[in-house]
Each structure stands twice: as C-alpha cells, then as structure tokens.
Amino acid sequence: MSNRSFLGLIAVVILLAVGANSVYIVSEYERAVVLRFGRLINPDVAPGLHVKIPFADKLRKFDGRILTTDARPESFYTIENKRLIVDSYSKWRVQDVQKYYKTTGGDETVAASRLANRVADVLRNQVGGRTLHEVVSGKRDELMHELTVELNQTANELLGIEVLDIRVKRIDLPEDVSQSVFDRMSADREKEAREYRSKGAEQAEVIRADADRQVAVLEANAYRDAEKIRGEGDATAAATFAEAYQQDADFYAFVRSLTAYKNSFANKSDLMVVDPESEFFRYLKDPQGTK
1 MSNRSFLGLI
11 AVVILLAVGA
21 NSVYIVSEYE
31 RAVVLRFGRL
41 INPDVAPGLH
51 VKIPFADKLR
61 KFDGRILTTD
71 ARPESFYTIE
81 NKRLIVDSYS
91 KWRVQDVQKY
101 YKTTGGDETV
111 AASRLANRVA
121 DVLRNQVGGR
131 TLHEVVSGKR
141 DELMHELTVE
151 LNQTANELLG
161 IEVLDIRVKR
171 IDLPEDVSQS
181 VFDRMSADRE
191 KEAREYRSKG
201 AEQAEVIRAD
211 ADRQVAVLEA
221 NAYRDAEKIR
231 GEGDATAAAT
241 FAEAYQQDAD
251 FYAFVRSLTA
261 YKNSFANKSD
271 LMVVDPESEF
281 FRYLKDPQGT
291 K
C-alpha cells in the first residue's frame, strides 16, 4: 500500500470518528445538557437529533421518566411522644435540568439520597405534630398530601426535581415495645372475653331458671288436670257401679265374691285360716247366698 493510500485511509477514519462524535440523539424519555470544556452551554437539550463540536462538547443524559426512591426506615415520635418506625418511598422526576445538574452533578444516586433526607425531615415534622391515631388512621392520606406539597416546593428549588407522590409503606412500633403492646392488647381482649363469658353465663342462668319455672308450672297444671280427670273417672265408675248394684244387688255381690275367691286362691302355696262359718264362704255353701 502506498503512502498516499495509507494517509487517505487514516483521513477517512478520522472523518468517520469526527462525524460520529458530532451527532447525538436525545430520546423522548431522556433529559440532557451539553458541556463545552466543562462549561454548561445548553442546559436543556430537546429530544431529537443534534450536532455538537467534536471533542469540545460533552453530552450528559439523565432519565426523564418517573423514578422511585425507597427511603430506609426512620424512627419518628408523635405528639404523644410515641415512637414509630416509618418506611416510605417517593415518586419524582427531573424538572429543571440545569439546576438538577448543578446540584447533583447529574448523579441519580446523589439526587435520591438528598431527596430521602428531605423526606425524612419533613415526615418527622408532620408525624411530630400528630397523634398516633391520626398517623395510622384514615388521616394518613391527608398527611401524605401535605407532605408531598411541602416537599415538592423545596425539592424544586434546591434540586430541580418534581416530587409527584410520597407514600408510607409500613408503620411499625419499635421491637422493644411491640411485645408489651401485644401483651396489653392480649390482656384487654382477655378481659373483654371474660366480660362476654360472664354476661353469657348470667343470661344462661336466667334462661335456665325461666325454663325450670315453666316446667314446674306445666307439671303442676298437668297433675291438676290429671287428678281432675281421674276424680271424674272415679266418680263416673262409682256411679256406674252403684247403678249396676241397684239393678241386681245379689248378682253384684256374687260377682264380687267370685273375684275375691279368685284373688285369694291364685297361688296354690297360699294358706288362709278362716272360720268356716264366715261370710267369705257364703256362696260356696249356697249358690243363693242365703245360708
């Protein structure tokens, strides 16, 4: 290869390198700045195809989408001096590219760390002005809204980012008091259970006493009715016997004597000592019963 050809190849390579370093693309989901010898010349590059001076201009790109920062759990105190462990996260994105680059150097980790510190400070102030019930109850949404509005203004002024939302993932009691709280809750539930059992036993006694009273009343009424029916039956039987006796007194006396004989001699081993002249043998001596 001749020197001319070699120099031409080098020139082509240099032109390609210069051309590649002169053109850059910024996507729709990206934010970018251009530096010239370390000095910021374009603080917010629009999306699209752009040209820069090779080797003099330097492009820095940032993620322009919504980002999430998980803050480490922090210990806060309520207005009642109750200690809570709060785990939160925040949603944010770059709004002022120039300010974002100047304050964080375009480092997302630095921005997330500073935002987390701001979230912890504001959250500490908000929790410190509320009771435990307000923090863990339905007023938590109100707390998060106020926190987001307050922090968004500060973060925009200091970091050039927009805070879209702040949420609490979990609120726990410290481990050293969780067991005591659990024991107190268990004792309260046990006390409530004893009260329910006591009331239930009292109601059971009332129901049982009422049932016993009703049973006694029913048995007394049934015995009264039975005795009344039995008395009426006995009266009817006595009247029937009397009427039958009046129709034929001799025959009725004979039947009664036969029944007495049958009952007296029902068992062969029975022994009875009676005077032969007794009225008991009247119908045995004479069928007419006259002797």
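For the sequence shown, the UniProt record's numbering gives the first residue as 1, with consecutive numbering after it. No residue lacks a Cβ here, since even glycine has one placed at the ideal position from N, Cα and C.
| Item | Value |
| --- | --- |
| Simplified DSSP state of residue 152, which is helix, strand or coil | helix |
| Nearest residue (CA-CA) to residue 149, options 90, 114 and 232 | 90 |
| Buried versus exposed, by CB contacts within 10 Å (16 or more), residue 112 | buried |
| Reference residue 114, options 151, 144 and 60, closest by Cα | 151 |
| Identified DSSP bridge partners for residue 32 | 61 |
| Reduced DSSP secondary structure (H/G/I, E/B, other) of residue 166 | strand |
| Contact check, residue 62 vs residue 31, beta carbons under 7 Å | yes |
| Outcome for residue 71 when other beta-carbon atoms lying within 10 angstroms are tallied against a minimum of 16 | buried |
| Pick from 164, 154 and 156 that is closest to residue 145, judged by C-alpha positions | 164 |
| Spatial neighbours of residue 99 in its chain, beta-carbon cut-off 6 Å, leaving aside the 5 residues before and after | 160 |
| Proximity below 7 Å, CB of residue 24 to CB of residue 50 | yes |
| Status (buried if at least 16 other CB within 10 Å, exposed otherwise) for residue 33 | buried |
| Per DSSP, the bridge partner or partners of residue 91 | 68 and 165 |
| Coarse secondary structure for residue 125, derived from DSSP in three states | helix |
| Residue range of the alpha helix (DSSP H) that includes residue 49 | From DSSP, residue 49 is part of no alpha helix (DSSP H) but of the beta strand (DSSP E) over 48-51. |
| Bridge partners - residue 205, DSSP secondary structure assignment | DSSP, once it has assigned bridges, lists no residue as partnering residue 205. |
| Stretch-stretch touch, CB-based, cutoff 8 Å, three pairs: the segment 40-60 with the segment 72-86 | no |
| Endpoints, beta strand (DSSP E) assigned at residue 132 | No beta strand (DSSP E) contains residue 132, which is instead part of the alpha helix (DSSP H) from 132-136. |
| Residue 221 beta carbon near the ligand GTP (any heavy atom closer than 6 Å) | No copy of the ligand GTP appears in this structure; indeed no ligand is present at all. |
| For residue 192 and residue 214, the rounded distance between their alpha carbons | 33 Å |
| 8 Å CB neighbourhood of residue 235 in its chain, flanking five on each side removed | none |
| Contacts around residue 121, its chain only, beta-carbon distance under 6 Å, and the 5 residues preceding and following it disregarded | none |
| Best match in 199, 216, 244 and 59 for proximity to residue 40 [C-alpha to C-alpha] | 59 |
| Alpha helix (DSSP H) segment containing residue 97, residue limits | 97-104 |
| Residue 135 to residue 56 span [Cα, whole Å] | 54 Å |
| Residue(s) in a DSSP beta bridge with residue 23 | 51 |
| Whole-number beta carbon distance between residue 132 and residue 88, since they are thought to touch under 8 Å | At roughly 17 Å, the Cβ-Cβ gap does not stay under 8 Å, so residue 88 and residue 132 are not in contact. |
| Contacts around residue 110, its chain only, beta-carbon distance under 7 Å, and the 5 residues preceding and following it disregarded | 104 |
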